[in-house]
Amino acid sequence: MINFLLNRFSPYHWGMLGIFLISLVLRFWGLERFNTLVFDEVYYAKYANYYLIGKDFFNSHPPLSQYIIAIGIWLGSFLPSTADTTNNLTESLRSTFSYRWINALTGSFIPLVVGAIAYQLNQRLSFSLLATLLTALDGLFLVESRYALNNIYLVLFGLLGHLCFLVAGESKKVNLTWLLISGVCFGSSVAVKWNGLGFLFGLWIVIAIAAIKNYFSHKKQDNFLWQRFTRIKPEFLVLSLILVPLGTYTVLWIPHLVMNPQYNFWEVHQEILAFHEKIKGNSSQVHPYCSPWYSWLILWRPIAYYYEKVKLGTELRIYDVHAFGNPILWWLSTLAIVIILANLIVKQGRFRGDISLYLLCNYIANLLPWIKVTRCTFIYHYMGAYTFALLALVGIFDSYLQSPSQRDRLVVYGVIGLIIIGFLYWLPIFLGLPLSEGEFRWRMWFPSWV
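Pasting the structure below:
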C-alpha cells in the first residue's frame, strides 16, 4: 500500500496533502474553546439555529452561510459533548463544536482552491504549491475558519467561481458544465454577502480587457488571457456569468422566505439596504474596530474577536483571539500589488503580463467598491482583494525561484522562512492560546493592534 501511494503521488501531491492536513489540524485544534458566542457568532450561530427551531428573524445579509452553519449544528447535535462546552446562547442547548466545525472543515479547503487557481494561471506546480503554502500561513483565514462566521464562505465560493471558469476554458472546446458551475459559485458568493459581487465584477473586467485587446490586435494571440477569455461565446458568458448567478442567488432565498414570511423577496432586499444605510460613519465612535479601506492594506486595525484575563494561581493569563493577518505576509502582499502595477505601467519586471493583469483587475474589483462606502467597515472586508494580492506575491516569489541566480533563490527562501516564523509567532492569538501579559504585549507591535 505504501509503495502504491509513493508511486502514484508526486512530491507536489504530497506537499498539497501535507498543507491541507496541517490546515485541518489547526482549524480543529481546541475548536470548542471559549464556551460562548465569539464576535459575530451572536448573529450567525443564532440565526442558523433559528432555522432549526422555526423562529422568525431578520438578517442584514443573504442567508446561504446560515443555511450551512445550520446543517453543521444539526449534524453536530448527534455528537457527544460536555457541560463545559455546551450553552444555550443560540436559544437551544448546543455545543460550541456543533456551530463551528463546518466552518473549520470548509476553511481548510481554501489554501487548496487558491493553489488550484495558481496552477490554472500558468500550469506550473511550484507556483501552485507556493500559493497553497502561503495561504495556509495567513492568520485571518485561519481565525475566520474557526468560528461560526460568514466571510469564509463568501471567499470560498468566489474563488471556486474563478477556478471553475478557468477550468472551463482550459481546452480548445469550452466546457459548458464547468462554466455553469462557475455561475452557481458566483451566485452563491453573493448569497453570502452582497460584496461577493466583487469576484464576478473582477472577472468581467478581465473579459472586457481581453475582448478589447483582441479586437485591436493585428495578430492572433495564444497566451493565457486570450485562451481563457476570448474563446467563450458571448451567449455562454451571459448565461454563465449573469443568468445563472442571478438564478442561483434568487433560488437560495426561497427557504428563508418560506420560514420567514414577514417580507417577500423585494421587501427583504429593501430592508437589508435600509439597515446598512442607517450605519453611518466609519470611526471608533461607531464601533471600536471600524477601519477604513486604506488601513487594510497595512494591517492597521485588526479586530479582537475575544479577550479574557484569567488568574491561574499567582499568574495572570490572557486569552485573546485576533482577526489578524500574518503581518509579514500581509505587508509583502500589498507591496507585491504595487510592484505588479508598476511593472505593467513601465512594461518591465519579471512578473508582468496577462497573469499580473488578471490579479490586478480582481484585486481592484474587490477593493474599489469599499472606497465609496461610508458605513462602518472592518478588516475582514479585505479578504477577497487580499487573496489576489497574495497570489501576486506568490508570482513574484516564483519568478525569482526560476532565476539562474542562487542569490535570488536564497533571498526568496529566506523571506518564506520569515513568513513561517511570523505565523508561528502570532499563532497563539490566532488560536486563542493562553499568554502572559508580557507575551501578549510582545505580539501587539502597534497601539492600533490592541
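Each residue of the sequence shown is one higher than the last, beginning at 2 in the working numbering. Glycine included, each C-beta is placed from N, C-alpha and C at the ideal position. Because the structure is a prediction, the values reported are computed rather than measured.
Looking only at its own chain, which residues have a Cβ that is under 6 Å from the Cβ of residue 394, when we skip the five neighbours before and after it? 333, 334, 337
Pairwise C-alpha distance: residue 428 and residue 326: 10 Å
By Cβ distance below 7 Å, which residues in the same chain neighbour residue 199 in space, the five residues on each side in sequence not counted? 366, 367, 370, 385
Please state whether the Cβ-Cβ distance between residue 133 and residue 260 is less than 8 Å. no
At the level of alpha carbons, what is the spacing between residue 414 and residue 402? 8 Å
Nearest CA to the CA of residue 42: which residue from 31, 104, 82? 104
Between which two residues does the alpha helix (DSSP H) holding residue 167 run? 152-169
According to DSSP, simplified to helix, strand and coil, what is residue 408? helix
Is residue 57 helix, strand or coil when you go by DSSP? coil
Beta-bridge partners of residue 321, as assigned by DSSP: 308
Using alpha carbons as the reference points, say which of 322, 278, 382, 357 lies closest to residue 147. 322
With DSSP as the reference, identify every bridge partner of residue 88, one or two as the case may be. 95
Rounded to a whole number of angstroms, what is the C-alpha to C-alpha distance between residue 232 and residue 167? 12 Å
CB-CB under 8 Å to residue 266, same chain, minus the five flanking residues each way: which ones, in chain order? 251, 254, 258
Apart from the five residues on each side of it in sequence, which residues of its chain come closer than 6 Å, Cβ to Cβ, to residue 362? 203, 206, 207
Going by CA-CA distance only, name the one from 136, 87, 280 that's closest to residue 32. 87
Whether residue 424 touches residue 319 by CB criterion (8 Å): no
Shortest alpha-carbon distance to residue 298 belongs to which of 399, 271, 383? 383
Could you give the uninterrupted runs of the beta strand (DSSP E) lying entirely in the segment 257-313, keeping only those of 3 residues or more? 304-313
Starting from residue 442, trace the alpha helix (DSSP H) both ways and give me its first and last residue. 438-444
Would a C-beta distance cut-off of 8 Å place residue 49 and residue 70 closer than the cut-off? yes
By the DSSP assignment, the alpha helix (DSSP H) with residue 119 in it spans what residues? 111-123
Helix, strand or coil at residue 1 according to DSSP, with G and I counted as helix: Missing from the structure shown is residue 1; the chain here goes from 2 to 451 and no further.
Contact defined as beta carbons within less than 8 Å: I believe residue 180 pairs with residue 169. What is the distance between those atoms, to the nearest angstrom? 4 Å
Judging by CA-CA distance, which residue of 272, 313, 379 is the nearest neighbour of residue 287? 379
With H, G and I counted as helix, E and B as strand and the rest as coil, what does DSSP make of residue 186? helix
For residue 40, which of 308, 444, 185 has the nearest alpha-carbon? 308
Taking the alpha-carbon positions, what's the residue 241 to residue 36 distance? 43 Å
DSSP state of residue 316 mapped onto helix, strand, coil: strand
Quick test of the definition: if touching needs 3 or more C-beta pairs under 8 Å, does the segment 108-115 touch the segment 144-162? yes
Between which two residues does the alpha helix (DSSP H) containing residue 203 stretch? 198-217
If you follow the alpha helix (DSSP H) that residue 344 is in, where does it begin and where does it stop? 328-347
Which of helix, strand or coil DSSP assigns to residue 448: helix
Count the other CB atoms within 10 Å of the CB of residue 373; is the residue buried (16 or more) or exposed (fewer)? exposed
Can you have a look at residue 135 and say buried or exposed, based on whether 16 or more other CB atoms are within 10 angstroms of its CB? buried
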